[in-house]
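Counted the way our numbering counts, the sequence shown spans residues 181 to 602. Note that beta-carbon positions come from the ideal geometry of N, C-alpha and C, so glycine has one too. Just so we're clear, the structure is a prediction, and the values are computed from it rather than from any experiment. Down below is the structure, laid out as structure tokens.
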Amino acid sequence: DRNNNYGLGVSSHSLGIIYQTLQRYDLAIKSFDEAVERLTKEEDISLLLSTYNVLCETLDADQKYTQMLAVAEKWKTTIDDYKRGAEERGLTPMLNGRYMYCYLALTVAHFQTGNTAQAEQYMDIAKELAKRRGMVSQFKLLHIQTRLYEHLGDYDKAIACADTNYQRVIDFGDSVSALTVLENKARILRKAGKGMDAALTYEYVMAAKDSLRNLDMAAQLDELRTMYEVDQLILEKKISKSQLTILFIISLSLVLLLVGYIFYTTRLNRKNKVLYEKIRRVQQAENQVEKTLEHAPEGSLSKEQALFRELNKLFAEKKSFTNHKLGRKELSEMLGTNATYLGIAIKKCAKGMTITEYINRIRLVHAGNLLIDTPQLPVDAVGEESGFNSRSTYFRLFRDYYGMSPSEFRNISKQKSKKVIS
């Protein structure tokens, strides 16, 4: 049935938007894939093209660039086929905006998979298509341009693009997007070796973020506004009564999901506070054990305990774990031993952990301390400073260890600090 198929496509698209907002990217991708499968069978491709767009954005956020490239190429083929069919009927469809977003997705997918030459060609095409287009298109274009120049190591051009983008969104009155642009600029300044400028920019961003109340909810409402605009376009097509019923049910479901999400986040925050206290107590106990080992007489320690003590001393004094290239071989050489013996020492003294697991545990503890002690340092930068060179690995291991995301951990630590001060 056409109406059921279309309605299920709209439902999957809307559910994907909600999962994307919650940063549940795996579920969002699954929902968008289902929407694409449904909407591909429909004659009207408007929502299908929008689904391709948000699917590529989600794959970008989840760093699945090979999959993003495949989706972006299907997206372009869909637009090409639609254009060809329209021209055969004597029509001239206005597709510059559709093509521009598609070419920007192709740009990101190509430079992230190592094909920078093709990425630059697609960026040039997107720049031509963006001429005389609105503020949102210009923001997206400059954002991707900034990322491309950053990837190429041309930090001066990346910073110039970020400055242009910042001025435009400020003129437009979008303070949330302006902070995103500034945060990206601060990261690029740090990469360019301009530490003082980066620190000042980060400080401004953090202060501005604190002044914006409930930023997460604002982003969530922005996503819901996008869904509303999509529904509005569908309504303008004079859809049938059955479709209106489906859309009403979907809208009601979205409201219920939003209410459920607010209830869920309240309970999750309460749970996270308990987890936070528990983990800090465990860490304090582990620190006490390490201090006892550190001050124990040399003759009272086994060979494994003595080596384990030297390892912790190295980590405390040299912070060698912050080097993301540190592995079994390098660490063993620093301690003047071999990887097998070091592995045995760690397994005996660190509750059965491997060398890699223990290095990552130290990194996670360091990251937790940085989140508490340096509130001006962005969450992603905390991961880099702690020795993680992959954002996805950092977030996954952090959640496994702490039971919450780095952002949630920082928010709870701030709440605890405020209680202590008051």
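Here Ser-355 carries a helix assignment [DSSP, helix/strand/coil]. DSSP, read as helix, strand or coil, puts Asp-224 in coil. DSSP places Ser-570 in the coil class of the three-state scheme, outside both helix and strand. DSSP places Arg-327 in the helix class (H, G or I) of the three-state scheme. By the C-beta density criterion, Ser-355 is exposed, having fewer than 16 other C-beta atoms within 10 angstroms. Within the segment 478-512, the complete alpha helix (DSSP H) segments at least 4 residues long are 483-498, listed from N- to C-terminus.
Sequence-distant Cβ neighbours of Phe-501 in its own chain, meaning closer than 6 angstroms and more than five residues away, are Phe-495, Ile-539, Ile-542, Arg-543, Gly-567.
Taking the C-beta atoms as reference points, Leu-239 is found no nearer than 8 angstroms to Thr-231. Residues of the same chain with a CB within less than 6 angstroms of the CB of Lys-256, apart from the 5 flanking positions on each side, are Cys-282 in chain order. Under the Cβ criterion (8 angstroms, minimum of three pairs), the segment 358-375 counts as touching the segment 318-338.
In this structure, Lys-244 is the residue among Lys-244, Glu-223, Asn-364 with its C-alpha nearest to the C-alpha of Thr-573. Between Ser-317 and Gly-265 the beta-carbon gap is near 25 angstroms, outside 8 angstroms, which marks them as no contact. Exclusion of the five residues before and after Tyr-329 leaves Lys-337, Ala-338, Cys-341 as the residues of its chain whose Cβ lies within less than 7 angstroms of its Cβ. By the criterion of a C-beta distance shorter than 6 angstroms, Phe-352 is surrounded in its chain by Met-315, once the five residues flanking it on both sides are discounted. The segment 520-537 makes no contact with the segment 576-583, as fewer than three CB pairs between them are under 8 angstroms. Counting along the chain, no alpha helix (DSSP H) covers Lys-531, and no H or E run does either. In the three-state reduction of the DSSP assignment, Gly-265 falls in the helix class. A distance below 7 angstroms between beta-carbons, with the five flanking residues on each side excluded, links Glu-484 to the following residues of its chain, in chain order: Ile-524, Ala-525, Lys-528, Cys-529. Selection Ala-241, Leu-228, Glu-223, Lys-221 evaluated against Ala-208 yields Ala-241 as nearest (Cα-Cα). The C-beta distance from Asn-185 to Lys-221 rounds to 6 angstroms, short enough to fall under 8 angstroms. Annotation for Gln-301: the continuous alpha helix (DSSP H) segment containing it runs 296-309. Around the beta carbon of Met-303, 16 or more other beta carbons lie within 10 angstroms, which makes this residue buried. Non-local beta-carbon contacts of His-290 in its own chain, meaning distances under 6 angstroms to residues more than five positions away in sequence, involve Gln-298, Ala-299 in chain order. In its chain, beyond the 5 residues on either side, Tyr-283 have a beta carbon closer than 7 angstroms to the beta carbon of Ile-305. About 17 angstroms separates the beta carbon of Leu-506 from that of Leu-487, a gap too long to meet the 8 angstroms contact definition. Counting the other Cβ atoms within 10 Å of the Cβ of Thr-201 gives 16 or more, which makes it buried.
A straight-line Cα-Cα distance of about 12 angstroms links Val-435 and Leu-195. About 4 angstroms separates the beta carbons of Leu-309 and Met-280, which is inside the 8 angstroms limit, making them a contact pair.
In summary, Met-274 is exposed, with fewer than 16 beta-carbon neighbours lying within 10 Å of its beta-carbon over all protein chains present.
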